[in-house]
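As structure tokens, the structure follows; a few thoughts come after it.
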Amino acid sequence: MFKPFSLNISGKLAVFDRPAVMAIVNATPDSFYAGSRAACTAEVCRRTERMISDGADIIDAGACSTRPGSDSVSATEETDRLAMALRAIRSVNPDIPVSVDTFRADVARRCIEEFGANIINDISGGTLDPMMYETVASLKVPYVMMHTRGTPETMQSLSDYSAEGGVMAALLRFFAEKISLLTDMGVNDIIIDPGFGFAKTLEQNWEIMRELESFTVFHRPVLAGISRKSMLTKLLGITAEEALPATAMAGMLALQGGASILRVHDPAPARQAITILSAMQPDLTDR
2 MFKPFSLNIS GKLAVFDRPA VMAIVNATPD SFYAGSRAAC TAEVCRRTER
52 MISDGADIID AGACSTRPGS DSVSATEETD RLAMALRAIR SVNPDIPVSV
102 DTFRADVARR CIEEFGANII NDISGGTLDP MMYETVASLK VPYVMMHTRG
152 TPETMQSLSD YSAEGGVMAA LLRFFAEKIS LLTDMGVNDI IIDPGFGFAK
202 TLEQNWEIMR ELESFTVFHR PVLAGISRKS MLTKLLGITA EEALPATAMA
252 GMLALQGGAS ILRVHDPAPA RQAITILSAM QPDLTDR
């Protein structure tokens, strides 16, 4: 069951009394879903305007593709792309919460301090940059901690969790250890992302979906990032461009499993799913 949550956004308390929609803007030429790409200021502005109109609560800006097998861009190029995207987003709306999707601590710091972001969304959960946790603690910003293994280039070869008791046991252990470490450093606003599609097989992704409620044991918001991903397209034999109905259905399943945030390419269906579930379950919010 959904529990209202709050985040400290640039010194102000943002209270979410319903599941939130995080909408994706990718300042990249190679993100797996072409519809999310926005390569210039005008495109970022248009996409941001549309996503806010369609019900986005948070905008998530990325500039380094992390799709399986992708090659990482340099920190300089990532920073330049993010500077463009974040300034464009802020020109459209100066107040909406904005997360920066990066695994690099120095890039995250500049985006928070200079370009208007106020949440860090780290696909590596702190495993790719040893300075990330210290950076989050010093900036006092909300932190989305995702589980993965290896790098985007190697992660799909690292999906064997048998030595750890299976994928769910491995993920629960990972989050328990990392949350303890972060809270000891004074980080309070932690969002859990199980990392659908990252170092997981098709079967493991659906096992995580079936067991999603297990992550609520940490009493932290759970983010589900399943939009147009291969766990849908491979299952159904379709392309990412054809996966909007499947994404909406999977989003509903995630909400029923306790997700607090849906990270999506298309905010309107996600917002509709939240409204429909609220009508079906008037006690969706456990106040």
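All residue numbers for the sequence shown refer to the numbering used here, where the first residue is 2 and numbers rise by one.
Even glycine gets a Cβ: it sits at the ideal position worked out from N, Cα and C.
Option in R264, G196, M253 and L140 with minimal Cα separation from G187: L140
When A225, E135 and T42 are compared against T248, the one with the closest alpha-carbon: A225
Three-way DSSP call (helix, strand, coil) for S181 in this model: helix
Cβ contact check for the segment 146-164 and the segment 173-180: 3 or more pairs under 8 Å: yes
For I262: DSSP bridge partner residues: A21 and L224
Counted within 10 angstroms of its Cβ, other Cβ atoms place P270 as buried (16 or more) or exposed: buried
Given 8 Å, three or more beta-carbon pairs between the segment 44-55 and the segment 85-92: yes
Cβ distance (whole Å) where C65 is taken to contact S73 below 8 Å: 6 Å
Residue interval of the beta strand (DSSP E) (run including I121): I120 to D123
Q157 to I120 span [Cα, whole Å]: 27 Å
Three-state secondary structure assigned by DSSP to K201: coil
Beta-carbon proximity check, S136 vs A109, cutoff 8 Å: A small correction: the amino acid at residue 136 is Thr; Ser does not occupy that position in the sequence shown. Yes, these two residues count as a Cβ contact at 8 Å.
Rounded straight-line distance, which links the Cα of I10 to that of S160: 35 Å
In DSSP terms, what A62 is bridged to: V26 and V101
Pick from V142, Q282 and G198 that is closest to G12, judged by C-alpha positions: V142
Candidates T234, I262 and L254, of which the one nearest D194 by Cα: I262
CB of A57 within 8 Å of CB of P268, strictly: yes
I90 - partner residues in DSSP beta bridges: Beta-bridge pairing links I90 to no other residue.
Through-space distance from Q282 to E78, alpha-carbon basis: 46 Å
Closer than 7 Å: D123 CB and nearest the ligand HEM heavy atom: For the structure depicted, the ligand HEM is absent and the ligand set is empty, with no information on it obtainable.
Buried versus exposed, by CB contacts within 10 Å (16 or more), M2: exposed
Residues near F197 by beta carbon distance below 8 Å, same chain, minus five either side: N206, I209, M210, A225, G226, I227, K230 and M232
N9 - partner residues in DSSP beta bridges: L14
M253, DSSP secondary structure in three states: helix
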